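In the numbering used here, the protein residues as written are 288 to 410.
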């Protein structure tokens, strides 16, 4: 199942400047140089919906199928360095998981809405 998800990621990042790498057990990091937050969101949502449409069986999952959760951080969003950028993406990813998985969360929405209950989520 991990190979099928990796194939979806590879297919979605065919741009010659894009890079994708496994980053931990079941996590991947995807770098899209020169891509703004809105376009990154489109890429992420396309990947998420493609994985959902594959309906890969996973009895341990809440819905019984594999899903992906995504956290997006953009250097354009006043990120000081690569470590901070990765940290912001990680926070957004864990927020997506906290919200029930199978969704995409923008790190900028966490900062923008830190004082309100409503946050941007795409599912």
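Think of the CB as a built atom: it goes at the ideal place given N, C-alpha and C, for glycine as much as any other residue. All of these numbers come straight from a predicted model, not from anything done at the bench.
Query raised in the report: Can you tell me whether DSSP reads residue 358 as helix, strand or coil?
Result: Residue 358 falls in the strand class under three-state DSSP.
Query raised in the report: Which of the three DSSP states, helix, strand or coil, is assigned to residue 296?
Result: Note: residue 296 maps to helix in three-state DSSP.
**Report entry** Span of the alpha helix (DSSP H), counted from its first residue to its last, around residue 392
**Finding:** Counting along the chain, no alpha helix (DSSP H) covers residue 392; the unbroken beta strand (DSSP E) around it starts and ends at 391 to 393.
Query raised in the report: Is it the case that the Cβ atoms of residue 305 and residue 317 are separated by a distance below 8 Å?
Result: Taking 8 Å as the cut-off, the Cβ atoms of residue 305 and residue 317 count as close.
Requested in this report: Give the range of the alpha helix (DSSP H) segment to which residue 339 is assigned.
Outcome: Start and end: 324 to 341.
Requested in this report: Take the Cβ of residue 393 as the centre, count every other Cβ of all protein chains shown within 10 Å, and call the residue buried at 16 or more, exposed below.
Outcome: The residue is buried, with at least 16 neighbouring Cβ atoms inside 10 Å.
Report task. Below 8 Å on the Cβ atoms is my guess for residue 378 versus residue 358; work out the distance and round it to an integer in Å. Result -> Right, their Cβ atoms sit about 7 Å apart.
Query raised in the report: For residue 389, does the count of other Cβ atoms within 10 angstroms reach 16, so buried, or fall short, so exposed?
Result: When all chains shown are included, residue 389 counts as buried.
Query raised in the report: DSSP three-state call for residue 309: helix, strand or coil?
Result: If DSSP states are grouped into helix, strand and coil, residue 309 belongs with the strands.
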